[in-house]
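Taking it in order: structure first as structure tokens, then the write-up.
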Amino acid sequence: DAMVIQNPRYQVTQFGKPVTLSCSQTLNHNVMYWYQQKSSQAPKLLFHYYDKDFNNEADTPDNFQSRRPNTSFCFLDIRSPGLGDAAMYLCATSRDRRSRIQETQYFGPGTRLLVL
Amino acid sequence: GESVGLHLPTLSVQEGDNSIINCAYSNSASDYFIWYKQESGKGPQFIIDIRSNMDKRQGQRVTVLLNKTVKHLSLQIAATQPGDSAVYFCAENNHNQGGKLIFGQGTELSVKP
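Right, dumping it as structure tokens:
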């Protein structure tokens, strides 16, 4: 089945130790998103890629970076995780974000990040 | 560790009853709306969507109603089952803002057997 895959499902890191989360998709969607979701809150958009075009949200800290080497893969890099970065990180994809016809975003299962 | 989250609104229903989850959206220019279901520890799962040229759309056991006059969206679940227990998020989208999804706060649905 076509899907959005995130690895690992659970990630434990130490305070200040860089960590990378990965996302892959078999939907062949050209837009990929990274969201942060904290307990009992809605997902918060960090940034997205439209093809190779990176779009950062204004309030996303510099500590968060992303890479998209090809259509199928996208990575979230947290350069120096703090305790406040512990959260669920969700990857999503959609078909064409700049079309006047909006497309649904499909989410992966998420990676739960714990910072010790 | 993780900061303490907010308390979500909660809806508790008896198995077999119908559920109605409401959402007020903020932007009158929004023209596409989605309902997601999120089970504990999982990613949001698409349930149903509706565009602003419609006021009602039905899926399997679910119906979404859109009232643009009062900027209100609702999700109706027929014959609610224990497997429907989850947090439900509405999301609005406006192509003039590049299609960015704006999520509502979420409602936790609890189904009593």
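As they're listed, the protein sequences go chains A and B.
Per this note's numbering, residue 1 is the first one in the first sequence, and the count goes up by one each step.
Per this note's numbering, residue 1001 is the first one in the second sequence, and the count goes up by one each step.
Just so you know, even glycine gets a beta-carbon here, dropped at the ideal spot from N, CA and C.
No experiment lies behind these values; they were computed from the predicted model shown.
Checklist entry - A:Thr104: which of B:Ser1085, B:Ser1026, B:Cys1090 and B:Ala1078 sits nearest, CA to CA? => result It is B:Cys1090 whose Cα lies nearest to the Cα of A:Thr104.
Checklist entry - What span of residues does the beta strand (DSSP E) with B:Tyr1036 cover, start to end? => result Tyr1032 to Gln1038 is the span of the beta strand (DSSP E), which, as asked, contains B:Tyr1036.
Checklist entry - Taking only beta-carbon atoms, is A:Thr104 less than 7 Å away from chain B? => result Among the residues facing chain B, A:Thr104 is included, as its CB has a counterpart in that chain under 7 Å away.
Next on the checklist: Distance cutoff 7 Å, beta carbons only. Does A:Ala42 sit that close to anything in chain B?
Outcome noted: Nearest CB-CB separation between A:Ala42 and chain B: below the 7 Å threshold.
Checklist entry - Mind listing which residues of the region 6–25 of chain A have their C-beta closer than 9 Å to chain B's C-betas, in chain order? => result If the cut-off is 9 Å between Cβ atoms, the region 6–25 of chain A has Gln6 and Arg9 near chain B.
Item to check | B:Ala1091 - containing beta strand (DSSP E), residue span | outcome: DSSP places B:Ala1091 inside the beta strand (DSSP E), whose first and last residues are Ala1086 to Asn1093.
Checklist entry - Do the region 30–47 of chain A and the region 9–19 of chain A make contact, defined as three or more Cβ pairs closer than 8 Å? => result Contact between the region 30–47 of chain A and the region 9–19 of chain A is absent: fewer than 3 CB-CB pairs across the two stretches fall below 8 Å.
Item to check | Cβ-based contacts, 8 Å cut-off: residues of the region 1092–1106 of chain B near chain A | outcome: Residues Asn1093, His1095, Gly1098, Gly1099, Lys1100, Leu1101, Phe1103, Gly1104, Gln1105 and Gly1106.
Item to check | Proximal residues, the region 1020–1035 of chain B versus chain A, C-beta separation under 9 Å | outcome: Residues of the region 1020–1035 of chain B whose Cβ lies closer than 9 Å to any Cβ of chain A, in chain order: Asp1031, Tyr1032 and Ile1034.
Checklist entry - CA-CA distance, B:Leu1008 and B:Gly1106? => result In a straight line, the C-alpha of B:Leu1008 is about 6 Å away from that of B:Gly1106.
Item to check | chain A residues whose Cβ lies nearer than 8 Å to that of B:Lys1042 | outcome: Per Cβ cutoff of 8 Å: Pro109 and Gly110.
Checklist entry - Got a sec: is the Cβ-Cβ distance from B:Leu1008 to anything in chain A below 7 Å? => result B:Leu1008 counts as touching chain A.
Next on the checklist: Between A:Leu90 and chain B, is the shortest Cβ-Cβ distance under 7 Å, so that the two count as touching?
Outcome noted: The C-beta of A:Leu90 comes closer than 7 Å to at least one C-beta of chain B.
Next on the checklist: So A:Leu45 contacts chain B; which residues on that side make the cut at Cβ distance below 8 Å?
Outcome noted: Around A:Leu45, the beta-carbon contacts reaching into chain B at under 8 Å are Lys1100 and Leu1101.
Checklist entry - Any beta-carbon of chain A closer than 7 Å to the one on B:Asp1049? => result The beta-carbon of B:Asp1049 is placed less than 7 Å from the nearest beta-carbon of chain A.
Item to check | Rounded distance between the beta-carbons of A:Gln25 and A:Gly110, thought under 8 Å | outcome: Not confirmed; about 14 Å, so no contact.
Item to check | Spatial distance of B:Ser1019 from B:Leu1065 (CA atoms) | outcome: Their backbone Cα atoms lie some 13 Å apart in a straight line.
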